[in-house]
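Asker: Pasting a structure here, questions to come.
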Amino acid sequence: MKRLARHPSALVGAVLLLVVVAASLVGMVATPHDPTAVDPLARMQSPTLAYPLGTDQFGRDILSRVLAGGHLTLATAFFSVLFGLFIGGGIGCLAGYFGRTVDLGVVALMDILLAFPAVLLALGIVAILGGSVTNVIVAVGIATVPVFARVARAAVLSVVVRPYVKAAIAMGCTHRRILARHVLPNILGPMLVLTTTTIATAILIGSALSFLGLGAAPPTPEWGVMLSDARAYMQLGWWLTAAPGVALALVVLALNLLGDGLRDLIDPTSRQVGG
Amino acid sequence: MALLDVRNLATELATGGETVRAVRDVSFSIDAGQTLGLVGESGCGKTMTARSVARLLPPGGRVSAGQVLFDGVDLLGLPEAAMRDIRGHRIGFVFQDPSTSLNPVYPIGMQLAEPLRLHLGLGRRAARDRAVELLDRVGIPSPARRMDDYPHQLSGGMRQRVMIAIALSCAPRLLIADEPTTALDVTIQAQILELIQELCAETGSAVLLITHNLGIAAGICDRIAVMYAGQIVETGPTDALFYTPAMPYSWGLLDALPTVDEEERLVPIAGGPPDLAAPLAGCHFAPRCPHVREVCRVDGPPMTERTAGHLARCHATAPEGWLR
Chain A
1 MKRLARHPSA
11 LVGAVLLLVV
21 VAASLVGMVA
31 TPHDPTAVDP
41 LARMQSPTLA
51 YPLGTDQFGR
61 DILSRVLAGG
71 HLTLATAFFS
81 VLFGLFIGGG
91 IGCLAGYFGR
101 TVDLGVVALM
111 DILLAFPAVL
121 LALGIVAILG
131 GSVTNVIVAV
141 GIATVPVFAR
151 VARAAVLSVV
161 VRPYVKAAIA
171 MGCTHRRILA
181 RHVLPNILGP
191 MLVLTTTTIA
201 TAILIGSALS
211 FLGLGAAPPT
221 PEWGVMLSDA
231 RAYMQLGWWL
241 TAAPGVALAL
251 VVLALNLLGD
261 GLRDLIDPTS
271 RQVGG
Chain B
276 MALLDVRNLA
286 TELATGGETV
296 RAVRDVSFSI
306 DAGQTLGLVG
316 ESGCGKTMTA
326 RSVARLLPPG
336 GRVSAGQVLF
346 DGVDLLGLPE
356 AAMRDIRGHR
366 IGFVFQDPST
376 SLNPVYPIGM
386 QLAEPLRLHL
396 GLGRRAARDR
406 AVELLDRVGI
416 PSPARRMDDY
426 PHQLSGGMRQ
436 RVMIAIALSC
446 APRLLIADEP
456 TTALDVTIQA
466 QILELIQELC
476 AETGSAVLLI
486 THNLGIAAGI
496 CDRIAVMYAG
506 QIVETGPTDA
516 LFYTPAMPYS
526 WGLLDALPTV
536 DEEERLVPIA
546 GGPPDLAAPL
556 AGCHFAPRCP
566 HVREVCRVDG
576 PPMTERTAGH
586 LARCHATAPE
596 GWLR
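Line by line, the protein sequences are chains A and B. Everything in the first sequence is counted per the working numbering, starting at 1 for the first residue and increasing by one. Everything in the second sequence is counted per the working numbering, starting at 276 for the first residue and increasing by one.
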């Protein structure tokens, strides 16, 4: 933690992410206005004191909607990436470690999955499962599985040939112990960086699904839904798309800064001596 | 009975469609507490021999014949689980490159404690205490503070000391040291060898020292086996091998050793070792041997005794040979 504070970009990322998460948590219970209340008299207002981020075409307060929608966007992305990380990472580790037939099968399957654009893959899965937030999580999760599997496999392949793995075998360690204690910690860095960037991707895929009416549906205040709603009125008010867009960009930026910083901190060889 | 008795070991490596017969009919034995040096140039099969003993062959490698009797048990027939219990516990390893043989993500203390907990069943605290003692024993200053250092914070010599501490942590019956000093400075080499010798004497461990450096082998080994092209070509007590070598290849190795006192030029052995993927007839060294005769190219010489315990694989120096 002390080291995190000394890494400027990681610190900025962490603080930014913390702010966004905190704001989203607050938004779950309290917002300045009711995020779904329609007010025909106050529609399409540019930012004012009463409506700091303006109102949309139905007169709903955009600040309230951004705050209230944050947790949905973030949680969807977070849980789907968690799903992808565990399933994909697990598959990749086993394929990379045991190799041979398992590896061939996994690589072939993942190549097939990767041949589809992630959005299309997620779209197809939601179409089969039916549109709901849970299904979006599963679908986006499955769409990220091949990415995690490939990176995990490649990382494991580069680690298992290292002499310290040979040394661990020579020490009499079991496969499980070698995987858990000698291989996994050494692939954590790339996996962590990948996780942060993939959360960003997952946010975008989730928003795309909402945009297509397959995830969170209007009038639920979700950033993706807000963006798609505002699309038709973009020429009439820049603030319609600005708020959810900036919110998305900030989260992605925060995640990337934090991920890069964490990678530096987790890798002991890039740690400064005495740091 | 010998602690380790390797009989007629043969190991093959399948690489890119070819089968390399890396180890051919190798036999040797090590008594408890004894040090055997396995000497030879790169690619002669010495590392593969050691790896075959511990069943740590790379993918594509397999032992095609022979026995490895360790304490009377054939290791080649043991189930993998029993073998795991022997590795690191009964047989310790020191590898060539200490900078990469330690896991970069763990402090050295944790890595030293691992075999103690795994094989001796020590608890966290007990293993840590023992690890500090071991670090102290291998000559690492202020060991308690060094416990939490990561491998990259130590020098190469220190890392090799840690590796030795790990290898000897469970007081193994046998230590296999594969070129333990090759990656180190000359000044550190002597210290590390001395340390291995001293600690093994303490724990009563036998040592299989693999090296390409005859000088190193001479320094600490009781017996030496010279390997060439997958075979042991001469074996005997260190003194016998140095004072009365009985195989032209050993002569060549000795001539290639730098000496301090004379301004003598080093004499290289002409030619290169044979391709182990191709079939070899006769004596493997015949193409490079200055004393070769027709019989050498046709008929591979067997290991025959010169003096007690000193065997060589050579027609020329055999009792009825032409170099007597």
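Positions of the beta carbon are idealized from the N, C-alpha and C atoms, including for glycine.
#1: DSSP state of B:V295, grouped into three classes?
#2: Is A:F116 helix, strand or coil when you go by DSSP?
#3: Nearest CA to the CA of B:D360: which residue from B:R498, B:C445, B:S339, B:Y518?
#4: Which one of B:G320, B:G557, B:A356 has the shortest CA to CA distance from B:V501?
#5: Is there at least one Cβ from chain B nearer than 9 Å to A:H7's Cβ?
#6: Please list, in chain order, the chain A residues whose beta carbon lies closer than 7 Å to that of B:A329.
#7: So, at 7 Å on beta carbons, what are the nonlocal neighbours of A:I199 in its own chain, with the 5 sequence-adjacent residues on each side left out?
#8: Quick one, which of B:G318, B:G347, B:Y381, B:G292 has its alpha-carbon nearest B:V281's?
#9: Using the C-alpha atoms, what's the distance from B:R399 back to B:G291?
#10: Would you list, in chain order, the members of the region 76-105 of chain A that have their beta-carbon closer than 7 Å to a beta-carbon of chain B?
#11: Under a Cβ-count criterion, where at least 16 other Cβ atoms within 10 Å of its own Cβ denotes burial, should A:M234 be classed as buried or exposed?
#12: B:P390 versus chain A: which residues are under 8 Å apart at the beta carbon?
#13: Using DSSP with H/G/I as helix, E/B as strand and the rest coil, what is B:G336?
#14: Suppose contacts are defined by Cβ-Cβ distances below 9 Å. Is B:G431 in contact with B:Q466 by that definition?
#15: Would DSSP call A:F211 helix, strand or coil?
#16: How is the alpha helix (DSSP H) around A:A95 delimited, first residue to last?
#17: Would A:R162 pass as an interface residue toward chain B - the criterion being a Cβ-Cβ separation below 9 Å?
#18: Where does A:G274 sit, in a helix, a strand or coil, going by DSSP?
#19: Which residues in the same chain as A:L94 place their Cβ atom closer than 7 Å to its Cβ, once the five residues preceding and following it in sequence are excluded?
#20: Are there three or more Cβ pairs, one per stretch, closer than 8 Å when the region 83-93 of chain A is compared with the region 150-164 of chain A?
#21: Is the beta carbon of A:P190 less than 9 Å from the beta carbon of A:R263?
#22: If we cut at 9 Å on Cβ distances, does A:Q272 have a partner in chain B?
#23: To the nearest angstrom, how far is the alpha carbon of B:I383 from that of B:T324?
#24: In chain B, what lies closer than 7 Å to A:H294 by C-beta?
#25: Please decide whether A:G275 counts as near chain B, where near means a Cβ-Cβ distance under 9 Å.
#26: Would you mind telling me which residues of chain A sit closer than 9 Å to B:D360, beta carbon to beta carbon, in chain order?
#27: Measuring only the C-alpha atoms, how far is A:I62 from A:L74?
#28: Among B:S302, B:T478, B:F517, whose alpha-carbon lies nearest the alpha-carbon of B:A492?
#29: Let's test the definition: count the other Cβ atoms within 10 Å of the Cβ of B:I366 and tell me whether it reaches 16, buried, or not, exposed.
#30: Starting from B:T375, find everything on chain A with Cβ-Cβ shorter than 7 Å and list it in chain order.
Answerer: Looking at the coordinates:
#1: strand
#2: Here A:F116 sits in coil by DSSP.
#3: With distances taken between Cα atoms, B:D360 lies closest to B:C445.
#4: B:G320
#5: False, the Cβ-Cβ gap to chain B never drops below 9 Å.
#6: A170
#7: A77, F78, V81, L255
#8: B:G347
#9: 46 Å
#10: none
#11: exposed
#12: M171, G172
#13: strand
#14: no
#15: helix
#16: From DSSP, the alpha helix (DSSP H) with A:A95 extends over 62-98.
#17: For A:R162, at least one C-beta of chain B is nearer than 9 Å to its own C-beta.
#18: Residue confidence for A:G274 is low, a pLDDT of 38 falling below 50, so the modelled location carries little weight; the figure read from the coordinates is stated next. Of the three classes helix, strand and coil, the one that applies to A:G274 here is coil, per DSSP.
#19: So the list reads V102, once near-sequence residues are dropped.
#20: Judged by Cβ distances under 8 Å, the region 83-93 of chain A makes contact with the region 150-164 of chain A, as three or more pairs qualify.
#21: Yes, the Cβ-Cβ distance between A:P190 and A:R263 is below 9 Å.
#22: Only weak support exists for where A:Q272 lies, its pLDDT of 46 falling under 50; the coordinates are left without a value.
#23: In this model, B:I383 and B:T324 are separated by some 29 Å (Cα to Cα).
#24: In this structure chain A extends from 1 to 275, so residue 294 of chain A is not present and cannot be described.
#25: Model confidence at A:G275 stands at a pLDDT of 34, short of 50, so the residue's coordinates are unreliable; what they give is reported in the following sentence. Answer no: the Cβ-Cβ gap between A:G275 and chain B never drops below 9 Å.
#26: G172
#27: Linking A:I62 to A:L74 through their CA atoms gives a straight-line distance of about 18 Å.
#28: For B:A492, the closest of B:S302, B:T478, B:F517 by C-alpha to C-alpha distance is B:F517.
#29: A buried status is given to B:I366, since no fewer than 16 other beta-carbon atoms sit within 10 Å of its beta-carbon.
#30: R162, P163, Y164
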